[in-house]
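Chemist:
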Amino acid sequence: MAREIRGFRIFDGMLGATAQRDMVADVRRVVRAAPLFAPVTARGQAMSVRMTSAGARGWVTDRRGYRYQAMHPGGMPWPPIPDSILAVWNAVVPQARSPDTCLINWYAPAARMGLHQDRDEADLTQPVVSISLGDDALFRIGNTERGGRTESLWLRSGDVLVMGGAARLTYHGVDRIAPGTSTLLDAPGRINLTLRVAG
Ligand SMILES: O=C(O)CCC(=O)C(=O)O
Ligand SMILES: [Mn+2]
């Protein structure tokens, strides 16, 4: 059962320990083929997360701006989205189109992500499904317009969050992670996976 906060659906602890470990192994395979890179916003600001993608396209940002593209910045294709990750999408949003991209964010202990909307996808009627692995993250939910009161919750390893429907354009971000709250990964930090229909 999911709980709902401002239209975001949260499946607490959806993935058990074995599923989480298997998924991390799949993520490591993707990262070996398409290494994490350090994104820079169009304004030239370094983001604190490291990222890569799986799927037919991947999200990139550099001085030319935010976009989805068919190749990793290193020139290689993005690896396919692992079945273990696709299975989560099929379980929580079975009516949606198939995702064509999975963004992999790596949060080292000091990394964060400012409040933003996910709006680079062509069809905003399709949801975004987010999976948390590793250390807890303090996740902030705002409103569909910039500003206003926000609400925060901790996302823990194995939690799945769906941003869809009227909340598809709700502002959200990660204030901080809590290093050492999970033993899933070899090092302190957090992996976040977001499945999307980009094209
Ligand atoms: O790390 C998270 O939980 C959220 C990530 C996110 O909002 C994004 O990649 O667009
Ligand atoms: Mn987002």
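In the working numbering, the protein residues as written are 25 to 223.
We treat Cβ as the ideally placed atom computed from N, Cα and C, and that holds for glycine.
1. Can you tell me which of the three DSSP states M75 falls into?
2. With a threshold of 16 other CB atoms inside 10 Å of the CB of M25, please say whether the residue is buried or exposed.
3. Using only the alpha-carbon positions, how far apart do M137 and A78 sit?
4. Mind checking which residues open and close the alpha helix (DSSP H) that includes R56?
5. I'd like the span of the beta strand (DSSP E) that includes V242, first residue to last.
6. In whole angstroms, what is the alpha-carbon distance linking A202 and P133?
7. Determine the direct distance from the alpha carbon of D199 to that of N167, and round the result to whole angstroms.
8. For the beta strand (DSSP E) that contains L217, what are its first and last residues?
9. Taking 7 Å as the cut-off, does the CB of D147 come closer than this to any heavy atom belonging to ligand 2?
10. Could you give the first and the last residue of the continuous beta strand (DSSP E) run that contains D86?
11. For L193, count the other beta carbons within 10 Å of its own beta carbon; 16 or more makes it buried, fewer makes it exposed. Which is it?
12. Using 8 Å as the Cβ pair cut-off and three pairs as the minimum, do the region 38-52 and the region 176-187 touch?
13. Which term fits R33, buried or exposed, when burial requires 16 or more other beta carbons within 10 angstroms of its beta carbon?
14. Is it the case that the region 44-55 contacts the region 152-159, given that we only count it when at least three CB pairs across the two stretches are under 8 Å?
15. Classify L127 as helix, strand or coil using the three-state DSSP reduction.
16. Can you check which of these residues, G82, L177, I105, is closest to P97 by C-alpha distance?
17. Here's a check: name, in chain order, each residue in its chain whose Cβ is nearer than 6 Å to the Cβ of G89, leaving out the five neighbours to either side.
18. Entirely within the region 136-195 and at least 3 residues each: give me those beta strand (DSSP E) ranges in chain order.
19. Identify whether I109 lies in helix, strand or coil by the three-state DSSP scheme.
20. Just the Cα atoms here: how many angstroms apart are I215 and A161?
21. Less than 8 Å between the C-beta atoms of D147 and V221, yes or no?
Modeler: Looking at the coordinates:
1. strand
2. exposed
3. 20 Å
4. 41-57
5. What is shown of the chain runs 25 to 223, which leaves residue 242 out entirely.
6. 7 Å
7. 16 Å
8. 214-220
9. no
10. 82-86
11. exposed
12. yes
13. buried
14. yes
15. strand
16. G82
17. A66
18. 137-140, 152-158, 160-165, 175-179, 184-187
19. helix
20. 10 Å
21. yes
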